[in-house]
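Student: Per my numbering, the sequence shown starts with residue 146, numbered consecutively.
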Amino acid sequence: MFSNQQIDLNILPSIDVIEFKSVSRQYLNILILNRCAIFFLIIIGLFIAKQMVNTGLFQSLFWYLTSAVGLLAFITIAYTILAFKTRKYAIREQDVIYTEGLLTNTIAAVPISRIQHIEISRSWLARKFKLATLNIFTAGESGIDLNIEGLNLNEAEKINEFLSKKVNGTA
């Protein structure tokens with residue numbers, strides 16, 4: 146018999162009671178270095194263009210463009226620092242939850258019963274800081290369903306082992 150009863154929203158668990166854990170502070174260094182590198186390359190490109198383009202319009206706009214890029218870099222890095230505090234995760238008995246975002250907050254939850262595959266990835270810069278990204282895949286073609294960047298390597302390995310045991314039914 147088919148049933149589709151109304152659920153009392155007051156009995157649902159509250160997200161406020163979840164104890165989220167912040168990602169490693171070292172990950173903020175990686176984020177800032179990445180953004181600085183991008184803006185540095187843009188400014189180098191502007192200086193190269195200044196030497197190669199001899200039109201009066203570009204020459205007169207060069208310092209305005211460079212200042213605009215510098216201002217955009219400052220705003221981007223300030224936003225990165227402020228938004229970093231919102232990067233948090235929780236591993237619970239039945240699911241993995243990740244939240245991030247300053248202006249728009251995103252909360253993603255993956256039930257452990259839906260996890261198909263888990264992997265740890267590390268960029269060359271993350272290896273220098275002993276950090277890792279935990280990639281969690283579920284059934285479907287969407288690719289990575291949840292990735293938690295900025296975990297300490299040991300912590301990522303522990304979470305990977307715990308989730309693998311839960312998925313395989315050995316925990």
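We treat Cβ as the ideally placed atom computed from N, Cα and C, and that holds for glycine.
From LEU206, TYR234, LEU248 and LYS273, pick the residue whose C-alpha is nearest to that of SER167; which is it?
Tutor: Considering only alpha carbons, the answer is TYR234.
Student: Please classify THR100 as buried or exposed, where buried requires at least 16 neighbouring CB atoms within 10 angstroms.
Tutor: As displayed, the chain neither begins before 146 nor continues past 316, which places residue 100 out of reach and without an answer.
Student: My parser needs the beta strand (DSSP E) runs of 3 or more residues fully inside the region 231-265; what are they?
Tutor: Those beta strand (DSSP E) runs which fall completely within the region 231-265 and span 3+ residues are 233-236, 240-245 and 251-256.
Student: With which residues is ASN292 paired in a DSSP beta bridge?
Tutor: ASN280, per the DSSP bridge assignment.
Student: Looking at C-beta atoms only, is the number of pairs between the region 225-233 and the region 172-182 that lie closer than 8 Å three or more?
Tutor: Judged by Cβ distances under 8 Å, the region 225-233 makes contact with the region 172-182, as three or more pairs qualify.
Student: Looking at ILE257 and LYS311, is the spacing between their C-beta atoms short of 9 Å?
Tutor: Closer than 9 Å, so yes.
Student: Which residue comes first and which comes last in the alpha helix (DSSP H) that contains LEU320?
Tutor: A query on residue 320 cannot be resolved here, the shown segment of the chain reaching from 146 to 316 and no further.
Student: Kindly give me the distance between the Cβ atoms of ILE252 and ILE281, rounded to whole angstroms, as I take these residues to be in contact under 8 Å.
Tutor: With a Cβ gap of about 15 Å, ILE252 and ILE281 do not count as contacting.
Student: Going by beta-carbon coordinates alone, are THR211 and ILE188 separated by less than 9 Å?
Tutor: Closer than 9 Å, so yes.
Student: Ordered along the chain, which non-local residues of its own chain (more than five positions away) have a Cβ less than 6 Å from that of ARG272?
Tutor: Hits under 6 Å: none found.
Student: Does LYS129 come out as helix, strand or coil in the three-state DSSP assignment?
Tutor: With the chain covering 146 to 316 only, the question about residue 129 has no answer from this structure.
Student: Give the range of the alpha helix (DSSP H) segment to which ARG180 is assigned.
Tutor: Residues 171-197.
Student: Relative to the C-alpha of VAL214, which residue among THR231, ILE183 and GLU294 is closest?
Tutor: Checking every option, the nearest Cα to that of VAL214 belongs to ILE183.
Student: Judging by CA-CA distance, which residue of ASN292, LYS230 and ILE242 is the nearest neighbour of LEU248?
Tutor: Considering only alpha carbons, the answer is LYS230.
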